[in-house]
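Residue numbers (full-length UniProt numbering): 1 to 198.
Input: a single structure, listed below in structure tokens.
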């Protein structure tokens, strides 16, 4: 005798649904991580209406060329232009990062000097981190938005610039208490010497 097998249409139980959801979520997060570790977002309006998604080139994609002046002659020597090397300056990522977003705005450099001493890895007891001392409890989402890290000079200044566009310099305590004014002259000298010729 052949017994009839009675198949009932049963839905997935709760544990299976949760497992499937977690599996799909993990796959999505992995793909999200892979995408943002290889691509970055930029404004499509800045330069010739380029695509807003670009391939990352390296750790510091915004490096500037070294435009330092040619060496001068010593002791009355006459140097020919051919074969003359340019003086090499030390690459300073903290200064380059500020330059990308703020140009030669001396206030930005003075605030960075007052806040962190131009140290990209500086932390404080008040949960402020990085070159521009971003308050992470309030602004971690800004770093997460583009996969940035607070201890990367360029990422830190990028977030600082977003905050600056919204609220100017008001969120920085050294601006409110005018402590940054003590660093203005030093910042001006630093900017003029480092960015000479730019």
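Using N, Cα and C, we set each Cβ at its ideal position, and we do this for glycine too.
- Going by beta carbons, residue 157 and residue 111 fall outside the 8 Å limit.
- Look at residue 155 here: in three-state DSSP terms it is helix.
- Straight across, the Cα-Cα distance linking residue 25 with residue 103 is about 41 Å.
- If you draw a straight line from the Cα of residue 11 to the Cα of residue 29, it comes to about 27 Å.
- For residue 99, the enclosing alpha helix (DSSP H) covers residues 93-102.
- Scanning its chain for C-beta atoms nearer than 8 Å, with the 5 sequence neighbours on each side dropped, one finds around residue 171 the residues 135, 163, in chain order.
- Beta-carbon to beta-carbon, residue 116 and residue 140 are separated by about 18 Å, too far to satisfy the 8 Å threshold.
- Take residue 148, set aside five residues on each side of it, and the residues of its chain with a beta-carbon closer than 6 Å to its own are 155, in chain order.
- For residue 118 and residue 94, the gap between their C-alpha atoms comes out near 6 Å.
- The three-state secondary structure of residue 128, taken from DSSP, is strand.
- A direct Cα-Cα distance of roughly 51 Å separates residue 19 from residue 175.
- Put simply, of 130, 123, 152, 101 the residue whose alpha carbon is nearest the alpha carbon of residue 165 is 101.
- Residue 192 has its alpha-carbon roughly 11 Å from the corresponding atom of residue 185.
- Of all alpha-carbon atoms in 188, 178, 146, the one lying nearest the alpha-carbon of residue 34 is that of 146.
- Note that the C-beta distance between residue 126 and residue 169 is not below 8 Å.
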